[in-house]
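Student: Just dropping this structure here.
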Amino acid sequence: MGEIKLLDCTLRDGGYINGWNFGRRAISEISRKSSEAGSDIVELGFLRDVPYKEDLAVFGDIRQIRPFMDRGNDKTRYAVMCEAMHPLPLSKIKSREDGDVEIIRVIVWKRLLKEGLAYCKGMIDRGYKLCVQPNRVDQYSEEEFIRMVRCFNELDPLALYIVDSFGILDADQILCYADLADEHLKKDIALGYHGHNNLMQAYGTAQCFIKREYGREVYLDASVYGIGRGAGNLNLELIAKYLNEQKGAGYHLEDYIEIYQEYIKGIYEKEQWGYSPAYYLTALWRCNPMYGRYYTMERSLEDGEISLVLQHLKGEERVRFSKETAEAAYEKYLH
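This is the structure:
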């Protein structure tokens with residue numbers, strides 16, 4: 010079996026909860042503490058075409074990321090994420106130099122696969138290690154998924170992920186895609202899993218992923234206390250404990266709890282995440298979990314009402330959340 014690597018996505022996926030406004034000191038300290046805990050990869054936020062604000066885990070230039078990387082730890086690698094859907098133009102991404110973040114993870118949309126492939130190639134051409142994140146893997150048929158995997162094989166990325174964007178897939182469904190990827194990926198490409206907890210399945214699925222013992226490196230995304238969009242992510246402190254006990258890993262669990270106490274607990278008290286009937290319903294209707302959050306917090310709807318509103322979302326409306334779309338569906342429900 011290949012090595013298992015933990016990627017801490019607290020600052021990136023967690024940013025959906027607080028608008029990435031962790032504060033400059035907290036970004037630095039979360040990064041440092043996670044590195045000290047033994048995280049194999051720390052994701053420092055998003056790379057986007059927006060003006061830089063130092064308190065946000067969002068960057069408009071590769072060089073802005075440098076201050077948040079722990080230079081004293083050779084074990085931890087650093088990553089940042091961007092989207093092929095709304096990309097930071099390749100013309101604004103500098104070629105990698107010593108001291109720059111090593112890994113760029115790219116969210117790739119199925120309907121923009123050609124554009125995503127070209128964008129990913131641009132990252133590799135600039136000297137970065139690439140992680141391919143095909144969002145909403147459930148929308149691919151087996152044949153489509155195999156074709157997608159073979160396309161990205163040509164780029165020799167660092168990893169290709171199974172991404173359960175809306176947290177709707179059970180372990181058997183995730184492993185079906187993972188087995189296909191394992192069969193068709195080049196052997197030196199890692200296989201990753203990024204899950205969400207809208208149906209409370211991320212931890213169990215991650216265990217199944219580990220027990221599969223793929224003959225390649227396996228990457229698992231997780232965040233402290235599960236902070237993330239919708240019901241949140243795989244809990245970093247839980248999967249690290251599991252790996253310590255089952256695989257003899259040496260993650261320092263107390264460091265993850267310190268991150269929670271100092272920087273995540275306060276966010277949770279204001280902006281709660283975690284399993285709820287609202288997120289269950291978004292998974293049931295295969296909708297973006299942000300609708301569950303919006304209708305609960307902005308419209309104070311009861312769970313039964315949320316279910317009725319979600320039925321008015323059609324096609325791409327279910328996938329691409331916006332306040333305008335949410336309000337339009339709410340108005341249809343009222344009338």
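Positions in the sequence shown are counted from 1; adding 9 to them yields the working numbering.
Glycine included, C-beta positions come from ideal geometry on N, C-alpha and C.
Only a predicted model underlies this, so the values are computations on that prediction, with no experimental measurement involved.
1. Since Ile219 is in the alpha helix (DSSP H), which residue starts that stretch and which ends it?
2. Which stretch, first to last residue, makes up the alpha helix (DSSP H) that contains Glu38?
3. Under the assumption that Tyr399 contacts Leu229 (Cβ atoms under 8 Å), give the Cβ distance between them as a whole number of angstroms.
4. Just the C-alpha distance for Phe77 and Leu126, rounded to the nearest angstrom, thanks.
5. Between the C-alpha atoms of Lys130 and Glu111, what's the straight-line distance to the nearest angstrom?
6. Flag this pair as touching only if the stretch 151 to 159 and the stretch 209 to 229 have three or more C-beta atom pairs under 8 Å; answer yes or no.
7. For the beta strand (DSSP E) that contains Lys101, what are its first and last residues?
8. Which residue or residues does DSSP assign as beta-bridge partners of Pro143?
9. Cα separation between Ile242 and Asp58?
10. Per DSSP, what are the beta-bridge partners of Glu52 in this structure?
11. Just reading off the beta strand (DSSP E) that Tyr170 is part of, what are its end residues?
12. Rounding to the nearest angstrom, what Cα-Cα distance links Gln148 and Leu184 in this structure?
13. Would you please state the rounded distance, in angstroms, between the beta carbons of Glu52 and Arg75? I believe it to be under 8 Å.
14. State yes or no: is the C-beta of Tyr128 within less than 8 Å of the C-beta of Leu99?
15. Please report the residue range of the alpha helix (DSSP H) in which Lys196 lies.
16. Mapping the DSSP letters down to three states, classify Asp79 as helix, strand or coil.
17. Would DSSP call Ala240 helix, strand or coil?
18. Apart from the five residues on each side of it in sequence, which residues of its chain come closer than 6 Å, Cβ to Cβ, to Gly204?
19. Considering only their Cβ atoms, is the gap separating Tyr284 from Ala335 smaller than 8 Å?
20. Count the other C-beta atoms from every protein chain shown that fall within 10 angstroms of the C-beta of Tyr61, then say buried if there are 16 or more, exposed otherwise.
21. Phe68 by DSSP, collapsed to three states: which one?
22. Can you tell me whether DSSP reads Lys130 as helix, strand or coil?
Tutor: In this structure, then:
1. Translated into the one-based positions of the sequence shown, residue 219 becomes position 210. Unbroken alpha helix (DSSP H) run through Ile219: Ala211 to Lys220.
2. One-based indexing of the sequence shown puts residue 38 at position 29. Per DSSP, Glu38 belongs to the alpha helix (DSSP H) from Arg33 to Ala46.
3. No statement about residue 399 is possible, as the shown extent of the chain runs from 10 to 344 and does not include it.
4. Within the sequence shown, the letter at position 68 stands for residue 77. Within the sequence shown, the letter at position 117 stands for residue 126. Each residue's alpha carbon lies about 29 Å from the other.
5. For the purposes of this step, residue 130 is identified with residue 121 of the sequence shown, where counting begins at 1. For the purposes of this step, residue 111 is identified with residue 102 of the sequence shown, where counting begins at 1. Cα to Cα, the separation comes out at about 15 Å.
6. no
7. The residue given as residue 101 occupies position 92 in the sequence shown. Element bounds for Lys101: n/a, residue is neither H nor E.
8. Residue 143 sits at position 134 when you count from the first residue of the sequence shown. Its beta-bridge partners are Val117.
9. In the sequence shown, counting from the first residue as 1, residue 242 sits at position 233. In the sequence shown, counting from the first residue as 1, residue 58 sits at position 49. Here residue 242 is Asn; the residue named in the question, Ile, does not match the sequence. Distance between the alpha carbons of Asn242 and Asp58: 25 Å.
10. Indexing the sequence shown from 1 puts residue 52 at position 43. Per DSSP, Ala88.
11. As a working note, residue 170 is residue 161 in the sequence shown. From DSSP, the beta strand (DSSP E) with Tyr170 extends over Ala168 to Val172.
12. Mapped onto the sequence shown, residue 148 falls at position 139. Mapped onto the sequence shown, residue 184 falls at position 175. Roughly 15 Å separates the two Cα atoms.
13. Here residue 52 refers to the residue found at position 43 of the sequence shown. Here residue 75 refers to the residue found at position 66 of the sequence shown. Not a contact, Cβ separation roughly 15 Å.
14. To locate residue 128, count along the sequence shown from 1; it is residue 119. To locate residue 99, count along the sequence shown from 1; it is residue 90. Closer than 8 Å, so yes.
15. As a position in the sequence shown, residue 196 is number 187, starting the count at 1. Neither: Lys196 is in no alpha helix (DSSP H) and is coded neither H nor E.
16. Locating residue 79 in the sequence shown gives position 70, where the first residue counts as 1. Coil, per DSSP.
17. Along the sequence shown, one-based indexing puts residue 240 at 231. Reduced to three states, the DSSP call for Ala240 is coil.
18. One-based indexing of the sequence shown puts residue 204 at position 195. Cβ within range, chain order: Asp173, Ala211, Thr214 and Leu243.
19. Walking along the sequence shown from the start, residue 335 turns up at place 326. Walking along the sequence shown from the start, residue 284 turns up at place 275. Taking 8 Å as the Cβ cut-off, Ala335 and Tyr284 do not qualify as a contacting pair.
20. Taking the first residue of the sequence shown as position 1, residue 61 is located at position 52. So Tyr61 ends up on the exposed side.
21. Position 59 of the sequence shown, counting from 1, holds the residue named residue 68. Note: Phe68 maps to strand in three-state DSSP.
22. Counting from one through the sequence shown, the residue named residue 130 turns up at place 121. Three-state DSSP puts Lys130 in a helix.
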